[in-house]
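Visitor: If you read the sequence shown in the working numbering, its first letter stands for residue 1, the second for the next number, and so on. Ideal placement from N, C-alpha and C gives every residue a C-beta, glycine not left out. Quick caveat: nothing in here was measured; it's all calculated off a predicted structure.
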Amino acid sequence: MQVDYRPEKSVVENNGHVIEVQIEDPDGSVPVGNKDYEIKRFHVHTPSEEKIDGRRFDASVHLVNTSADGETAAIGLLVEEGPPNPVMDQVVPLIPDTAGDENEAPDRIDPGGLLPADDEAFQFKGSLTTPPCEGLEWIIYRQPATMSGDQLAALRAAYDGNIRPIQSGNGRPITLGRVVSGGQ
Ligand SMILES: [Zn+2]
Numbered sequence: 001m002q003v004d005y006r007p008e009k010s011v012v013e014n015n016g017h018v019i020e021v022q023i024e025d026p027d028g029s030v031p032v033g034n035k036d037y038e039i040k041r042f043h044v045h046t047p048s049e050e051k052i053d054g055r056r057f058d059a060s061v062h063l064v065n066t067s068a069d070g071e072t073a074a075i076g077l078l079v080e081e082g083p084p085n086p087v088m089d090q091v092v093p094l095i096p097d098t099a100g101d102e103n104e105a106p107d108r109i110d111p112g113g114l115l116p117a118d119d120e121a122f123q124f125k126g127s128l129t130t131p132p133c134e135g136l137e138w139i140i141y142r143q144p145a146t147m148s149g150d151q152l153a154a155l156r157a158a159y160d161g162n163i164r165p166i167q168s169g170n171g172r173p174i175t176l177g178r179v180v181s182g183g184q
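1. What ranges does the beta strand (DSSP E) occupy inside the segment 34 to 82, keeping only unbroken runs of at least 3 residues that lie completely in it?
2. Does H62 pass the burial test, meaning 16 or more other C-beta atoms within 10 Å, or should it be called exposed?
3. Can you list, in chain order, the residues of its chain whose CB lies under 7 Å from that of V80, leaving out five sequence neighbours each side?
4. Mind checking whether E13 and P26 have CB atoms under 8 Å apart?
5. Counting Cβ pairs closer than 8 Å, one from the segment 152 to 161 and one from the segment 117 to 126, do we hit at least three?
6. Is V11 closer than 8 Å to A158 when the C-beta atoms are compared?
7. Nearest-angstrom Cα distance between R142 and P96?
8. Regarding H45 and ligand 1, is the C-beta to nearest heavy atom distance less than 7 Å?
9. Considering L136, what are the terminal residues of the beta strand (DSSP E) in which it resides?
10. Who does G113 pair with in a DSSP beta bridge?
11. Could you work out which residue in V18, Q2 and I139 is closest to T98 when comparing CA atoms only?
12. Once DSSP output is grouped into helix, strand and coil, what is the label at G149?
13. From which residue to which residue does the alpha helix (DSSP H) around V87 run?
14. Could you please give the first and the last residue of the uninterrupted beta strand (DSSP E) stretch that includes S29?
15. By DSSP's criteria, L176 is part of a beta bridge. Which residues make up the other side?
16. So the candidates are G126, R156 and H43; which of them puts its Cα closest to the Cα of G171?
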């Protein structure tokens, strides 16, 4: 698969469960298998919903991409505290205090700026923690992205512990491969 995100017109929303960035009229695309997906939104969980080898991370970011025929591919990023994330520098000041509120970003936001440098990723079939629930492609980057302590604190101040318990794999295979990231 190849991830080709572009800077997009975006709105930062407090939807009552997560802080979510809605992408308006996306330009970038994510081919998975023989299908093209477009990014619709991304949101943050604190701490991470995923664990790798039993380790939970400070946060995770889920990028939700959909195809023309309504299939969904979710890209997950684990986050550990470190250097500030440039994308979150744009998002954090726009976090609405009140559920149901949203703030339009003055500049385009590039979801590709969230991705870690190393493109090794796990891929499996799974679900979203909100409907639609099954049959999703999941791609989780192995290398964590970073956010600063201040960025994580701002996200926790909005929602902390907005995660679902770890689920059984139910025998589903998890493969590890490489993602081609970045635009041309
Ligand atoms: Zn999520």
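Guide: According to the structure shown:
1. 35 to 45, 59 to 67 and 72 to 81
2. buried
3. The residue asked about is misnamed: residue 80 is Glu in this sequence, not Val. In the same chain as E80, and ignoring 5 residues on each side of it, the C-beta atoms closer than 7 Å to its own belong to F57, D58, P144 and T146, in chain order.
4. For the 8 Å CB-CB criterion, E13 and P26 do not form a contact.
5. no
6. no
7. 30 Å
8. The answer is yes for H45.
9. L136 to Y141
10. Answer by DSSP bridge pairing: none, since G113 is not bridged.
11. V18
12. It is helical.
13. P86 to V91
14. Careful: S29 lies outside any beta strand (DSSP E) and carries neither H nor E.
15. Beta-bridge analysis with DSSP links L176 to F122.
16. G126
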